Amino acid sequence: MNLYSNQLTGTIPESLRFRKLVHADFGRNQFSGTLPDDFGLRSVSLRFLYMDHNEFTGTIPYSYTTVGNGRVEALAFNHNQLTGWVPGYYQHYKLLELNLHNNTFTGVDWETCRQGVFDTGEMVEFTADCDVCICDPYCGKCKNKW
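What the sequence shown shows, in my numbering, is residues 3 to 148, in sequence order.
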């Protein structure tokens with residue numbers, strides 16, 4: 003499902019069911035409100051989820067760590083108004099891309115950071131703001147916060 007850049011507004015309904023959906027791109031719209039709580043539980047086939055460049059608020063619900071039953075490859079939450087601690091995605095051995103920058107997160111789970119190709123995982127793209135990034139070398143411009 004590609005809703006990319008359609009000037010869509012409003013919230014994403016809690017009742018959406020995407021059991022067989024593989025690719026969902028909500029990016030570059032004007033969606034607002036919080037992310038649906040159990041979206042991860044209802045999206046068991048999802049491999050690519052793009053929620054970037056919207057006006058989402060609140061935290062990323064923990065259920066998003068189960069998107070695609072652990073087989074998700076790309077998650078993009080960048081350029082929103084999200085807050086709080088980013089839940090750990092370390093059980094997602096297939097996660098290749100995680101974009102979190104341009105939000106006001108307070109931290110990123112250390113085990114998520116370890117999924118990068120420079121450590122033990124396969125993640126090739128990881129972006130976060132310097133004030134929450136503890137994952138050097140991913141934020142090479144940031145101060146080491148270990």
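Cβ coordinates follow ideal geometry from the N, Cα and C atoms, glycine included.
It should be emphasised that the depicted structure is a prediction, and the values quoted were computed from it without experimental measurement.
{"Check": "First and last residue of the uninterrupted beta strand (DSSP E) at Glu127", "Outcome": "127-129"}
{"Check": "Of the listed residues Glu57, Arg116, Gly109, nearest to Gln9 (C-alpha basis)", "Outcome": "Glu57"}
{"Check": "Beta-carbon proximity list for Ile62, same chain, < 8 Å, skipping 5 on both sides", "Outcome": "Leu37, Phe79, Leu84, Gly86, Val88, Pro89"}
{"Check": "Integer-rounded CB distance, given that Asn101 should sit under 8 Å from Glu127", "Outcome": "7 Å"}
{"Check": "Closest by C-alpha distance to Asp54, when choosing among Arg30, Cys115, Thr106", "Outcome": "Arg30"}
{"Check": "Contacts around Gly42, its chain only, beta-carbon distance under 6 Å, and the 5 residues preceding and following it disregarded", "Outcome": "Ser65, Tyr66, Thr68, Val69"}
{"Check": "Three-state secondary structure assigned by DSSP to Thr61", "Outcome": "coil"}
{"Check": "For Met125 and Gln117, the rounded distance between their alpha carbons", "Outcome": "6 Å"}
{"Check": "Straight-line Cα distance separating Thr129 from Leu77", "Outcome": "11 Å"}
{"Check": "Collapsed DSSP secondary structure at Phe41 in the structure displayed", "Outcome": "helix"}
{"Check": "Start-to-end residues for the beta strand (DSSP E) that takes in Thr108", "Outcome": "106-110"}
{"Check": "Span separating the alpha-carbon of His81 from that of Tyr52", "Outcome": "11 Å"}
{"Check": "Close beta carbons around Glu16, own chain, < 8 Å, minus the five adjacent residues each side", "Outcome": "Pro38, Asp39, Asp40"}
{"Check": "Selection from Thr13, Leu48, Arg44 that minimises the alpha carbon distance to Gln32", "Outcome": "Thr13"}
{"Check": "Coil, strand or helix - Tyr66 by DSSP", "Outcome": "helix"}
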